[in-house]
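Just so you know, we're using numbering that gives the first Met the number 0 here: the sequence shown kicks off at 0 and counts up by one.
We put the CB at the ideal spot given by N, CA and C, even for glycine.
First comes the structure, then the notes that go with it.
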Amino acid sequence: MESLVNLVGALMALTMLTIAARPADEDHAYGHSKAEYFSSGAEGTLILIAAVSIAVAAAQRLISPKPLEQIGLGLGVSVAASLVNLFVAVVLLKAAKSYQSITLKANAHHLLTDVWTSAGVVVGVAAVAFTGWERLDPVVALIVAGNIVWSGVRIVRESVSGLMDTALPVDEINTIQEVLNRHCQPDIQCHALRTRQAGSRRFVSVHVLVPGDWTVDRGHKLLERMEDDIRAALPNVTAITHLESIHDPASWDDKDLDHG
0 MESLVNLVGA LMALTMLTIA ARPADEDHAY GHSKAEYFSS GAEGTLILIA AVSIAVAAAQ
60 RLISPKPLEQ IGLGLGVSVA ASLVNLFVAV VLLKAAKSYQ SITLKANAHH LLTDVWTSAG
120 VVVGVAAVAF TGWERLDPVV ALIVAGNIVW SGVRIVRESV SGLMDTALPV DEINTIQEVL
180 NRHCQPDIQC HALRTRQAGS RRFVSVHVLV PGDWTVDRGH KLLERMEDDI RAALPNVTAI
240 THLESIHDPA SWDDKDLDHG
């Protein structure tokens, strides 16, 4: 059953990564990057289900403790499989960081669920063997379940944040603001900075206010430089700038997304 769940998770991850890699088209002008969040959300849910099942089984053993079964060979096979999962998870986490893929990150944490479970079994068995207290095994299992819950919650929360167009992390927004500040002068201002993340792709939009007597060509060249600097400061950025007259009162009325 565990192997089947892992297979389903891997197939969904592969499917969503394939969709996310598709270029933008007429129906998806901003690309398909958000497809990753469906996979990571599903993986996060599977992680939470695994944690709940571990916790329920542990609670039952805690209430009605039973002697540990002779698990010798089975435990050895489980540990060996977990070591393989650990290796694959580490590789996936490195790839997730390199490609900024939440799908790979979620799949890695799903595999780590098996690793934590096996580690908990080993620790629980060892604890009971040394102390003779049978309730130590389910106590360790509950601790493992708690750790897995935290991992699943983080993945689900990150997936929901992506689907809800949550802004980029504060440090990245500060980086963008620093870039904008380098171009700002008394007669050049920026406002209405908006950011969001879609998978590995970042989207940044900002309004740039310049003197009303500037030519279109001069304003366009400034915006091109600003967009280039934003793309140089952060990877995988789509920067969208909007030119406005600093002397037009209406230019200051559109800071909010919904303005009248």
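Open item on the list: Considering only heavy atoms of the ligand NAP, does any lie closer than 7 Å to the CB of Met225?
Closed with: Although the ligand NAP was asked about, the structure shown includes no ligands whatsoever.
Task: Proximity winner among Ile62, Glu35, Val169, Arg153, relative to Leu141 (alpha-carbon distances) - done: Taking the first residue of the sequence shown as position 1, residue 141 is located at position 142. Closest in alpha carbon position to Leu141, among Ile62, Glu35, Val169, Arg153, is Ile62.
- [ ] Pair every Cβ in the segment 141-159 with every Cβ in the segment 111-127, then say whether three or more of these pairs are closer than 8 Å.
- [x] Cβ pair count under 8 Å is three or more, so yes.
- [ ] List the endpoints of the continuous alpha helix (DSSP H) containing Gln59.
- [x] What you label residue 59 is simply residue 60 of the sequence shown in a count that begins at 1. Here the alpha helix (DSSP H) through Gln59 covers 34-62.
Open item on the list: For Ala28, which residues in the same chain have their Cβ closer than 7 Å to its Cβ, ignoring the five residues on either side in sequence?
Closed with: Numbered from its first residue, the sequence shown carries residue 28 at position 29. Once the five neighbours on either side are set aside, Ala28 has no close Cβ partner at all.
Task: For Ala238 and Gly161, the rounded distance between their alpha carbons - done: Counting from one through the sequence shown, the residue named residue 161 turns up at place 162. Counting from one through the sequence shown, the residue named residue 238 turns up at place 239. Approximately 18 Å, taken between the alpha carbons.
Open item on the list: I'd like the span of the beta strand (DSSP E) that includes Ala238, first residue to last.
Closed with: Start at 1 with the first residue of the sequence shown, and residue 238 comes out as number 239. Here the beta strand (DSSP E) through Ala238 covers 236-244.
Task: Beta-bridge partners of Ile187, as assigned by DSSP - done: Taking the first residue of the sequence shown as position 1, residue 187 is located at position 188. Partner residues in the beta bridge of Ile187, as assigned by DSSP, are Gln184.
TODO: Can you have a look at Val155 and say buried or exposed, based on whether 16 or more other CB atoms are within 10 angstroms of its CB?
DONE: Walking along the sequence shown from the start, residue 155 turns up at place 156. Residue environment for Val155: buried (at least 16 other C-beta atoms within 10 angstroms of its C-beta).
- [ ] Could you give the DSSP three-state label for Arg134: helix, strand or coil?
- [x] For the purposes of this step, residue 134 is taken as the residue at position 135 of the sequence shown. In this structure, Arg134 counts as coil in the three-state DSSP scheme.
TODO: Put Arg153 into one of helix, strand or coil per three-state DSSP.
DONE: Within the sequence shown, residue 153 is the residue found at index 154, counting from 1. DSSP places Arg153 within a helical segment (H, G or I) once states are collapsed to three.
- [ ] Look at Val205 and Cys183 and say whether their C-beta atoms are less than 8 Å apart.
- [x] Numbered from its first residue, the sequence shown carries residue 205 at position 206. Numbered from its first residue, the sequence shown carries residue 183 at position 184. No; because the gap between Cβ atoms is not below 8 Å, this pair is not in contact.
Task: Beta-carbon proximity list for Ala285, same chain, < 6 Å, skipping 5 on both sides - done: As displayed, the chain neither begins before 0 nor continues past 259, which places residue 285 out of reach and without an answer.
TODO: Please state if the CB of Gly151 and the CB of Ala12 are separated by a distance shorter than 8 Å.
DONE: On the sequence shown, position 13 is the one that residue 12 refers to. On the sequence shown, position 152 is the one that residue 151 refers to. At the C-beta level, Ala12 and Gly151 stay beyond 8 Å of one another.
TODO: With DSSP collapsed to three states, give me the class of Gln176.
DONE: Mapped onto the sequence shown, residue 176 falls at position 177. Here DSSP, grouped into helix, strand and coil, assigns Gln176 to helix.
Task: Straight-line Cα distance separating Gln99 from Leu3 - done: Here residue 3 refers to the residue found at position 4 of the sequence shown. Here residue 99 refers to the residue found at position 100 of the sequence shown. So the two alpha carbons sit approximately 27 Å from each other.
TODO: Give me the Cβ distance between Ser39 and Ser199, rounded to the nearest whole Å; I'm assuming they're in contact under 8 Å.
DONE: Here the question's residue 39 lines up with position 40 in the sequence shown. Here the question's residue 199 lines up with position 200 in the sequence shown. Contact between Ser39 and Ser199 is absent: CB atoms are separated by about 12 Å, not below the 8 Å threshold.
TODO: Using three-state DSSP, classify Arg224 as helix, strand or coil.
DONE: Indexing the sequence shown from 1 puts residue 224 at position 225. Helix.
- [ ] Would you decide whether Gln59 is buried or exposed? Buried here means 16 or more other CB atoms lie within 10 Å of its CB.
- [x] Locating residue 59 in the sequence shown gives position 60, counting from the first residue. Taking all protein chains in view, the Cβ of Gln59 is surrounded by fewer than 16 other Cβ atoms within 10 Å, so the residue is classified as exposed.
- [ ] Return helix, strand or coil for Ala197, following the three-state DSSP convention.
- [x] Along the sequence shown, one-based indexing puts residue 197 at 198. Secondary structure at Ala197: strand, using DSSP grouped into helix, strand and coil.
Open item on the list: In this structure, how does DSSP classify Leu167 when only helix, strand and coil are distinguished?
Closed with: Position 168 of the sequence shown, counting from 1, holds the residue named residue 167. Coil, per DSSP.
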